[in-house]
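Everything in the sequence shown is counted per the working numbering, starting at 438 for the first residue and increasing by one.
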Amino acid sequence: MIVPRIVIAGAGFGGIGAARHIARGLRRTEAEIILIDHNPYQLYTPALYEIATVPRDAAPAMALKTTMVLPLDRMLAGTGITFIHDEILGLDAKTRTLSLRDAGTLPFDYLVLALGSETNYFNIPGLKEHAYPLKRFEDAVRIRNRIETLLRDRDTLTIVVGGGGPSGVELVAEFENYICRIQRAVHTDQKVCRHQMVILEGSDTILRGFDPRIIALAQRRLAALDIKVCTGTTITKVTETEVYPQEGSAPIPCDILIWTGGVAGLASFGHFGLPLGPKGNFPVDEFLQVGERIFAVGDAAHFIDPRTKTPLPWNASIAEGEARAAAKNIIAAVRGKPSQPFRPARRYPYILTVGKKYAIADMIFFILPGLSGWMIKLLVELRYLIGIFSPAFALRSWWRKVMLYISND
Ligand SMILES: Cc1cc2nc3c(=O)[nH]c(=O)nc-3n(C[C@H](O)[C@H](O)[C@H](O)COP(=O)(O)OP(=O)(O)OC[C@H]3O[C@@H](n4cnc5c(N)ncnc54)[C@H](O)[C@@H]3O)c2cc1C
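1) Under the criterion of a Cβ to heavy atom distance below 8 Å, does P748 qualify as lining ligand 1?
2) To test your reading of the DSSP string, which unbroken beta strand (DSSP E) runs of 3 or more residues are found completely within the stretch 587–626?
3) Check whether the stretch 562–569 and the stretch 661–676 are in contact - that is, three or more C-beta pairs closer than 8 Å.
4) Can the beta-carbon of D494 be found closer than 9 Å to that of A610?
5) Mark N766 as exposed unless 16 or more other C-beta atoms lie within 10 angstroms of its C-beta, in which case mark it buried.
6) What did DSSP end up calling Q656 once you bin it into helix, strand or coil?
7) Give the C-beta separation of V549 and A455 to the nearest angstrom, bearing in mind that I take them to be a contact with Cβ-Cβ under 8 Å.
8) Note down, in chain order, each residue of its chain lying with its Cβ closer than 8 Å to the Cβ of K665, except the 5 sequence neighbours on either side.
9) The alpha helix (DSSP H) spanning I823 covers which residue range?
10) Going by beta carbon distance, what residues of the same chain come within less than 6 Å of C667, once the five residues before and after it are set aside?
11) Here's the rule I'm using: 16 or more other beta-carbon atoms within 10 Å means buried, otherwise exposed. How should W696 be labelled?
12) Is any heavy atom in ligand 1 found nearer than 8 Å to the beta carbon of I473?
13) State buried or exposed for Q620, treating a residue as buried only when at least 16 other CB atoms are found within 10 Å of its CB.
14) DSSP puts A798 in a beta bridge; with which residues?
15) What does DSSP give as the partner residue(s) for G728 in the beta ladder?
16) Return yes when the C-beta of N557 is under 8 Å from any heavy atom of ligand 1, and no when it is not.
17) Whose C-beta lies closer than 6 Å to the C-beta of F709 among residues of the same chain, with five residues either side of it excluded?
18) Please list the segments of the beta strand (DSSP E) lying wholly inside the stretch 731–763, counting only runs of 3 or more residues, in order along the chain.
19) Across which residues does DSSP place C667 in a beta bridge pair?
20) Is Q726 near ligand 1, in the sense that its beta carbon is under 8 Å from a heavy atom of that ligand?
21) Hey, is I804's beta-carbon within less than 9 Å of any beta-carbon in chain C?
22) My guess is that P603 and L644 are in contact by the Cβ rule of under 8 Å, so how many angstroms apart are they, rounded?
23) Who pairs with H567 in a beta bridge, going by DSSP?
24) Confirm the yes/no value for this check: CB of E524, any heavy atom of ligand 1, distance under 8 Å.
25) Closest by CA to P806, which one among A756, V771 and R650?
26) So T503 is in the alpha helix (DSSP H); what residue range does that whole segment cover?
27) Just the Cα atoms here: how many angstroms apart are H458 and A653?
28) Quick one, which of M499, K502, H739 and Y481 has its alpha-carbon nearest L725's?
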């Protein structure tokens with residue numbers, strides 16, 4: 438019997454969520470489920486700043502990778518989901534086929550686009566050439582390698598982070614201890630830890646869109662870590678050694694510039710023959726559809742919240758929520774039932790780590806700052822791992838990660 442083929446493009450929070458919900462909701466005789474990604478693993482982005490700050494002597498790149506990324510073969514074992522390790526190059530919505538780099542064309546009956554986003558450099562001169570992004574595993578390793586190489590030849594360092602969103606704040610706060618540890622190891626005669634860290638943020642506050650109490654707590658914590666925050670500062674040009682803010686301000690010298698100031702839909706989305714939203718991702722309707730039998734979720738989706746009339750932000754909880762809703766609609770369609778509109782929650786929980794074992798956990802009904810917030814962050818990660826792996830593997834993998842997280846604290 439021929440069964441419909443459901444293809445999920447991208448194995449991040451949205452893609453894995455959608456694939457697993459569909460696999461749980463449909464019998465194997467009802468549909469074929471295929472998940473495609475160009476990586477054989479899921480990158481757990483909430484821990485990416487940790488990867489960028491694990492000292493090389495604690496974990497060389499290969500060891501870091503095996504510990505930090507989540508292997509898809511283990512995750513999908515016994516789920517009935519077929520994994521294709523390949524790169525998606527394009528889509529023909531009319532003939533319902535995907536084109537893959539190695540496997541050629543792949544026809545589908547239903548498609549979930551969950552391909553995430555990429556760094557947006559806003560065409561700022563010199564930014565793409567000179568700044569370090571933080572989006573992929575390799576980006577994090579490049580950042581730590583660069584810092585450790587620079588610290589071999591000098592006893593001080595100026596790090597500028599462009600973008601005061603959660604990724605920029607988490608990263609810069611975690612640098613504090615990491616850099617001191619490297620400095621102590623390399624310059625054994627150096628008594629004080631010397632470095633300067635600056636966040637440049639274009640809008641009038643860091644963590645725009647966050648609860649004002651969280652912003653206030655984060656600002657206090659950054660100040661305690663001696664991190665300079667410059668809001669209302671737009672980067673207009675970048676050279677190898679300097680960042681140029683808006684006209685009238687002096688250039689800021691820096692040894693390394695890390696750019697976390699913007700994300701956009703993948704450049705390749707332009708070749709998919711589907712409409713694109715203002716941020717280059719796919720505008721979806723209330724059922725999360727962007728075309729006939731084509732859904733988009735997570736960062737790849739531009740969903741307007743019917744309550745606030747504004748687009749949903751891009752984060753893991755929202756990607757998972759959208760994935761669940763799209764999966765339900767695909768299951769309904771396969772069974773000839775009507776679709777249900779996606780109703781986003783009013784608020785989603787978020788945990789922001791601001792250096793070492795200090796995190797601000799926004800649990801919707803209360804906010805927990807400090808060590809307790811950090812413990813909750815670890816428990817959230819453990820819960821995620823237990824949801825996708827066997828309990829024994831999840832626990833082992835989680836413990837190894839925690840050991841690396843605290844290696845620079
Ligand atoms: C540094 C950083 C820290 C973050 N921290 C948090 C946090 O603490 N909490 C939170 O809620 N959110 C956080 N986010 C945001 C969160 O990671 C994203 O919103 C979430 O991952 C979106 O899920 P997704 O499934 O849409 O995309 P992703 O998780 O990015 O998954 C997309 C997948 O598609 C694959 N892919 C892309 N292109 C292709 C192709 N052409 N062919 C095949 N496969 C492809 C990728 O390999 C990837 O696996 C963070 C993001 C970053 C960059």
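We put the beta carbon where it would ideally sit given N, CA and C, even for glycine.
Inspection of the coordinates gives the following:
1) Annotation for P748 indicates a beta carbon at 8 Å or more from all heavy atoms of ligand 1.
2) For the stretch 587–626, whole beta strand (DSSP E) runs of length 3 or above, ordered along the chain, are 595–599.
3) A contact exists between the stretch 562–569 and the stretch 661–676.
4) Using a Cβ distance threshold of 9 Å, D494 and A610 do not count as a contacting pair.
5) Buried is the label assigned to N766, since at least 16 other Cβ atoms lie within 10 Å of its Cβ.
6) In the structure shown, Q656 sits in a helix (DSSP, three-state: H, G or I).
7) Indeed, because the Cβ distance is near 5 Å, the residues count as touching under 8 Å.
8) Leaving aside the five residues that flank K665 on each side, the residues in its chain whose CB is nearer than 8 Å to its CB run, in chain order, Q633, M634, V635 and I636.
9) Bounds of the alpha helix (DSSP H) holding I823 are L808 to I825.
10) Non-local C-beta neighbours of C667 in its own chain, meaning closer than 6 Å and more than five positions away in sequence, comprise L637, ordered along the chain.
11) Buried, since its Cβ has 16 or more Cβ neighbours within 10 Å.
12) Because some heavy atom of ligand 1 lies under 8 Å away, the Cβ of I473 counts as near it: yes.
13) Counting C-beta atoms within 10 angstroms of its own C-beta, Q620 has 16 or more neighbours from the protein chains shown and is therefore classed as buried.
14) Looking at the DSSP assignment, A798 forms a beta bridge with I788 and L805.
15) DSSP, once it has assigned bridges, lists I731 as partnering G728.
16) Not under cutoff, so the answer is no.
17) Result list for F709: L528, in chain order.
18) The qualifying runs are 731–733.
19) In DSSP, C667 forms a bridge with L637.
20) No - ligand 1 has no heavy atom lying nearer than 8 Å to the Cβ of Q726.
21) The structure shown contains no chain C; it holds only a single protein chain.
22) With a Cβ gap of about 6 Å, P603 and L644 count as contacting.
23) DSSP, once it has assigned bridges, lists no residue as partnering H567.
24) Yes; taking the cut-off as 8 Å, the Cβ of E524 has a heavy atom of ligand 1 nearer than that.
25) Closest in alpha carbon position to P806, among A756, V771 and R650, is R650.
26) Secondary structure note for T503: its alpha helix (DSSP H) is the uninterrupted segment A498 to M505.
27) Straight across, the Cα-Cα distance linking H458 with A653 is about 38 Å.
28) Checked all of M499, K502, H739 and Y481; the closest Cα to L725 is H739.
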